[in-house]
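Note that the sequence shown ends on residue 366 in numbering that gives the first Met the number 0; no numbers are left out. Written below as structure tokens is the structure these notes are about.
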Amino acid sequence: MSAAADPVLDLPFDVRPDPEEFLRAALRWHFSPETGTPFWLERAGSLGFDPLTDIRTFDDLTRFPNFASELRDARAEDLIPRGYGPRPDVVGVYESGGTTGAPKRIVLMRDWLTKLLDWSSAQLDAHGVPGDVNWLIVAPTGPHMVGDVIKHQTALRGGLSFMVDLDPRWVKKLIAGGDGAAAGAYAEHIVDQVAYVLRTQDIGVLMCTPPVLERLAQREDLAKLIEDKVRAINWVGTQMDADTRHLYRTEVFPDALLYSGYGSTMILGNASERPGLTDDEPCVYDPFSPYMTFSVIDPETARPVPYGERGQVLMHHVSKSLFLPNNLERDTALRVRAADAGQTGDSVADIAPVQEFDNETVIEGVY
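As structure tokens, this is what we get:
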């Protein structure tokens, strides 16, 4: 039997809690012996502070060490709060891309997935993405989270999912080994599979990465199929510069809505592109606050950079299902003011990978 949580942890997606009340409730949940997360209960004594009394605001979360690397070896069971009871409703165990070493693992709980999908669906509505249409999802599936989440998203919005799996680790391994020809052949293999689906099925939304979209656009027959069938293109993964984005919107796929998301396995979801941006503006991403929050910092000083300047993205995830604070991501971004006064933390824009992370060279590949 699961334990009762503070109601502030179970609010609907469209009811934004008071951030400090919410944070205190989440800390009680994750650090109390009855409901807490074994991963955190084991580490609580070595923190040098008491999370239940010394952490009062989201700014205080930077007092935590960055424990994300320990998720490479942690038992998945130890990441599930005891409050969920002996039979927790787990959707799956998912891994990061493994771009910089062994992958990290997280556990996706059903209650968080429901909240995330409700929020994401509202963001799609805000962009004008149609419902009741089929999606062609060209993205990593298991052990990665993104493909499974979008499959659930499509079902929630009334469509069928057609999946083409991307293996980003294999492509990055080929590129790292200097085998660009094999990496290119793999990308063409992906495009061939996309072509089969586009030719035979009714596809309303295409989700893929910019490198895949570029290859699709280079094949005139596939570009024509997208122009005729697809009403929205959701690009994710690697980034797209403003000039390319403008070209796709105005010349290559002028009849399709083009929009993007910025996600990370370590925040259990994605930030949404801010609706209403012009082609001259960089892509700004607003997080699902206060569950996912961003800061943009100088990695040398760990202090926020001024608004409009570039720094490294620092993420916190705080929810009933997961507590992962102070996680320095492998991306840089421009620091942007929040979309509204109620948002906790920063928004980010013009995402780009760092050159090195965890002493490993960062390779993007197809995702």
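The beta-carbon is built from N, C-alpha and C at its ideal position, and this holds for glycine as well.
Original post:
For D72, does the count of other Cβ atoms within 10 angstroms reach 16, so buried, or fall short, so exposed?
Top reply: In the sequence shown, residue 72 corresponds to position 73, counting from 1. Per the 10 Å Cβ criterion, exposed.
**OP:** Within 10 angstroms of the Cβ of V251, are there 16 or more other Cβ atoms? Answer buried if so, exposed if not.
**Re:** Looking up residue 251 in the sequence shown gives position 252. V251 should be labelled buried.
**OP:** Look at R62 and N325 and say whether their C-beta atoms are less than 9 Å apart.
**Re:** As a working mapping, residue 62 is identified with position 63 in the sequence shown. As a working mapping, residue 325 is identified with position 326 in the sequence shown. Going by C-beta atoms, R62 is nearer than 9 Å to N325.
**OP:** For Q217, name the three-state secondary structure that DSSP assigns.
**Re:** Here residue 217 is taken as the residue at index 218 of the sequence shown, counted from 1. DSSP places Q217 in helix when its eight states are reduced to three.
Original post:
Terminal residues of the continuous alpha helix (DSSP H) containing P324?
Top reply: Residue numbering aside, residue 324 sits at position 325 when the sequence shown is read from its first letter. Premise fails: P324 lies in the beta strand (DSSP E), F322 to V335, not in any alpha helix (DSSP H).
**OP:** Kindly indicate the opening and closing residues of the alpha helix (DSSP H) around V170.
**Re:** As a working note, residue 170 is residue 171 in the sequence shown. Counting along the chain, the alpha helix (DSSP H) containing V170 begins and ends at P167 to A175.
Original post:
Between the Cα of P37 and the Cα atoms of L215, I79 and D131, which residue gives the shortest distance?
Top reply: Locating residue 37 in the sequence shown gives position 38, where the first residue counts as 1. Of L215, I79 and D131, the residue nearest in Cα terms is I79.
**OP:** Please say whether L116 and L155 have beta carbons closer to each other than 9 Å?
**Re:** Your numbering for residue 155 matches position 156 in the sequence shown. Your numbering for residue 116 matches position 117 in the sequence shown. Yes; because the gap between Cβ atoms is below 9 Å, this pair is in contact.
**OP:** Alpha carbon to alpha carbon, how far is A231 from T292? Give it in angstroms, no decimals.
**Re:** Taking the sequence shown and counting its residues from 1, the one referred to as residue 292 is at position 293. Taking the sequence shown and counting its residues from 1, the one referred to as residue 231 is at position 232. Rounded to the nearest angstrom, the two C-alpha atoms are 27 Å apart.
Original post:
Is the beta carbon of T343 sitting closer than 9 Å to the one on P18?
Top reply: Here the question's residue 343 lines up with position 344 in the sequence shown. Here the question's residue 18 lines up with position 19 in the sequence shown. Yes.
Original post:
My guess is that P352 and R334 are in contact by the Cβ rule of under 8 Å, so how many angstroms apart are they, rounded?
Top reply: Counted from its first residue, the sequence shown places residue 352 at position 353. Counted from its first residue, the sequence shown places residue 334 at position 335. That pair is no contact at about 17 Å.
**OP:** Keeping to the same chain, check which residues put their C-beta closer than 6 Å to that of L60; ignore five residues upstream and five downstream.
**Re:** Along the sequence shown, read from residue 1 onward, the residue named residue 60 stands at position 61. Counting only Cβ-Cβ distances below 6 Å, and skipping sequence neighbours, we find H315, P324 and N325.
Original post:
Can you give the Cα-Cα distance for A337 and A180, rounded to whole angstroms?
Top reply: The residue labelled residue 337 in the question sits at position 338 within the sequence shown. The residue labelled residue 180 in the question sits at position 181 within the sequence shown. For A337 and A180, the distance between alpha carbons rounds to 43 Å.
Subject >> Bridge partners - Q311, DSSP secondary structure assignment >> reply: Within the sequence shown, residue 311 is the residue found at index 312, counting from 1. In DSSP, Q311 forms a bridge with I296 and T331.
Subject >> Integer-rounded CB distance, given that E226 should sit under 8 Å from D254 >> reply: Counting from one through the sequence shown, the residue named residue 254 turns up at place 255. Counting from one through the sequence shown, the residue named residue 226 turns up at place 227. Going by Cβ atoms, the distance from D254 to E226 rounds to 6 Å, so yes, they are a contact pair.
Original post:
Mind checking H143: buried by the 16 CB within 10 Å criterion, or exposed?
Top reply: Within the sequence shown, the letter at position 144 stands for residue 143. Flag for H143 reads buried.
Subject >> Residues bridged to L135 (per DSSP) >> reply: Taking the first residue of the sequence shown as position 1, residue 135 is located at position 136. According to DSSP, L135 bridges with F161 and L205.
Subject >> Extent of the continuous alpha helix (DSSP H) run through S68 >> reply: The sequence position of residue 68 within the sequence shown is 69, counting from 1. No alpha helix (DSSP H) holds S68; DSSP gives it neither H nor E.
Original post:
So what's Y195 in DSSP terms, helix, strand or just coil?
Top reply: Counting from one through the sequence shown, the residue named residue 195 turns up at place 196. Helix.
Subject >> Range of the contiguous beta strand (DSSP E) that encloses A43 >> reply: The residue labelled residue 43 in the question sits at position 44 within the sequence shown. Here A43 belongs to no beta strand (DSSP E), and DSSP marks it neither H nor E.
Subject >> Other residues of its chain near G268: CB distance less than 7 Å, five sequence neighbours each side excluded >> reply: Position 269 of the sequence shown, counted from the first residue, corresponds to residue 268. Cβ neighbours of G268 beyond the five flanking positions: L115, G262, F287 and M291.
Subject >> Complete runs of the alpha helix (DSSP H) confined to the stretch 230-285 [at least 4 residues] >> reply: 241-246
Original post:
Run through DSSP, which three-state label would P18 get?
Top reply: Translated into positions along the sequence shown, residue 18 becomes position 19. In this structure, P18 counts as helix in the three-state DSSP scheme.
Subject >> Straight-line gap, N368 to F57 (C-alpha atoms, nearest Å) >> reply: The structure shown has nothing for residue 368, since the chain only spans 0 to 366.
Original post:
Is G97 close to chain D, meaning its C-beta is less than 9 Å from at least one C-beta of that chain?
Top reply: Within the model displayed, chain D is absent; a lone protein chain is all it includes.
Original post:
Secondary structure at A301, three-state DSSP: helix, strand or coil?
Top reply: Translated into the one-based positions of the sequence shown, residue 301 becomes position 302. If DSSP states are grouped into helix, strand and coil, A301 belongs with coil.
Original post:
Can you check whether the CB of G310 is closer than 9 Å to the CB of K340?
Top reply: Here residue 340 corresponds to residue number 341 of the sequence shown, with the count starting at 1. Here residue 310 corresponds to residue number 311 of the sequence shown, with the count starting at 1. First, the residue type needs correcting, since residue 340 is Ala and not Lys in the sequence shown. No, they are not a contact pair.
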